[in-house]
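Residue numbers (the working numbering): 2 to 194.
Every residue, glycine too, gets a C-beta built ideally from N, C-alpha and C.
This report refers to the structure that appears directly beneath it.
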Amino acid sequence: MAYEKLLELRKAMKRRKPRFIAQDSHKKKKVAQKWRRPRGAHSKLGRRGYKKRAKAGYGSPSLVKNMTKEGQIPINISNSALLTGLDKKKHCAIIGKKVGMKKRKHILNECKKLGLNVSNVPDIDAYLKSIDEILSRKKESRKKKEERKTTGKKAEKKKKETPKEKKEPEPAAAEDKEMAEKKEQDKILVTKG
2 MAYEKLLELR KAMKRRKPRF IAQDSHKKKK VAQKWRRPRG AHSKLGRRGY
52 KKRAKAGYGS PSLVKNMTKE GQIPINISNS ALLTGLDKKK HCAIIGKKVG
102 MKKRKHILNE CKKLGLNVSN VPDIDAYLKS IDEILSRKKE SRKKKEERKT
152 TGKKAEKKKK ETPKEKKEPE PAAAEDKEMA EKKEQDKILV TKG
């Protein structure tokens with residue numbers, strides 16, 4: 002590969018490159034352990050014996066900038082359509098953080114077919130196997146929940162139906178008795194008049 006020498010040079014440069022952190026970040030908890038340029042007029046960071054300041058000279062060679070150690074350009078993948086124009090020698094895939102499990106499984110299968118390297122998944126087969134196990138467990142738990150719901154609903158229906166059946170004949174019998182008594186009273190009144 003044409004970039005091999007540049008990748009080796011970048012590796013050597015990175016070995017010598019210091020870790021750039023903000024002034025006093027090792028002393029103060031609220032100052033994060035990342036680079037912030039010192040803006041104070043009396044800052045000592047430029048002096049001898051202090052931490053190094055970030056400069057353009059510490060950067061990687063521009064031709065191999067943002068490449069992986071193998072010399073491939075990483076491409077963020079959020080759906081399988083983005084895999085179509087990728088070359089397995091030049092590019093490697095990085096599956097997005099927010100991609101769900103089913104979609105991730107589909108993307109990994111596509112990468113496997115195309116022979117693409119996936120940077121954030123070291124062993125595709127093992128990862129696919131773990132995804133299958135997780136999805137099967139989810140399916141089983143869903144079935145159990147549905148069974149519980151259906152058995153619960155059936156039991157509730159049975160409970161509701163049995164008291165109603167017992168209650169309905171009682172009011173009907175009471176109404177029939179009342180109607181019969183009224184008819185008898187009407188007959189008595191009609192015969193008197």
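Taking C-beta atoms under 8 Å as the contact rule, LEU109 and VAL119 qualify, at a distance of about 7 Å. Sequence-distant Cβ neighbours of PRO75 in its own chain, meaning closer than 7 Å and more than five residues away, are THR69, CYS93, ILE95, SER120. Counted as a single uninterrupted DSSP element, the beta strand (DSSP E) harbouring HIS92 occupies residues 92-96. In the DSSP secondary-structure assignment, ASN77 is bridged to ILE95. The criterion of a C-beta distance shorter than 7 Å is satisfied by VAL65 and ARG11. In this chain, the alpha helix (DSSP H) harbouring LEU7 covers 5-17. Sequence-distant partners of LYS89 (beyond 5 residues in either direction) whose C-beta falls short of 6 Å from its own C-beta, in its chain, are GLY116, LEU117. Using a Cβ distance threshold of 7 Å, TRP36 and ALA55 count as a contacting pair. Taking the CA atoms as reference points, LEU84 sits about 49 Å from LYS155.
Going by C-alpha positions, ALA33 is about 13 Å away from PRO39.
Cβ-Cβ separation between ILE135 and ARG105: approximately 11 Å, too far for a contact (criterion under 8 Å). Counting only residues of its own chain and dropping the five nearest sequence neighbours on each side, PHE21 has a CB closer than 6 Å to the CB of TRP36, ALA55. Straight through space, the alpha carbons of GLN186 and GLU179 are spaced by roughly 11 Å. Counted as a single uninterrupted DSSP element, the alpha helix (DSSP H) harbouring ARG105 occupies residues 102-115. Taken atom to atom, the span from the alpha-carbon of GLY60 to that of ARG48 is near 22 Å. Residues of the same chain with a CB within less than 6 Å of the CB of LEU8, apart from the 5 flanking positions on each side, are VAL65, GLY72 in chain order. In the structure shown, the three-state DSSP call for VAL65 is helix.
Per DSSP, the beta-bridge partners of ASN118 are CYS93.
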